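The letter at position 110 of the sequence shown is residue 112 when you use the numbering used here, and the numbering goes up by one with no holes.
We put the CB at the ideal spot given by N, CA and C, even for glycine.
Because the structure is a prediction, the values reported are computed rather than measured.
Notes for the one structure printed next.
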Amino acid sequence: MAGSALRRLMAEYKQLTLNPPEGIIAGPINEENFFEWEALITGPEGTCFEGGVFPAKLNFPPDYPLSPPKMQFTCEMFHPNKPNDESGANVDAAKMWREDRDEFNRIAERIVRKTLGLPLP
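Encoded structure:
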């Protein structure tokens, strides 16, 4: 199964280099192991993440694409889908996003500045 997964990953990497999606750069960490990738994701315009650059690592299973890759941001992240230690999702961030959007945006913008190495306000 790993042989077909490797062929699939090589084809997807080729597509990514020929036609990269806006705001995402991704590829294998080294060509000897196509199952471990690094990615840089830029924050979408018009969001509190705009201007941020968020590094991540992806690990693809041997039966990819039948099983999904695991992705983990390698920088600090504040987002409702990013789990905290006590919950499967960040309930605090989700609640703040619903109830206090200004504070959510302040925290997210601070993290964006931090990922860019800019001074914090």
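Short Cβ contact (8 Å threshold) for tyrosine 66 with leucine 11:
yes
According to DSSP, which residues form a beta bridge with glutamine 74?
Lys59
Exposed or buried, which one is glutamate 78 when buried takes at least 16 other CB atoms within 10 Å?
exposed
Assigned secondary structure, leucine 8 (DSSP; H/G/I helix, E/B strand, else coil)
helix
By Cβ distance below 7 Å, which residues in the same chain neighbour glutamate 111 in space, the five residues on each side in sequence not counted?
Cys50
Buried or exposed for asparagine 92, please, with buried defined as at least 16 other CB atoms from any protein chain shown within 10 angstroms of its CB.
buried
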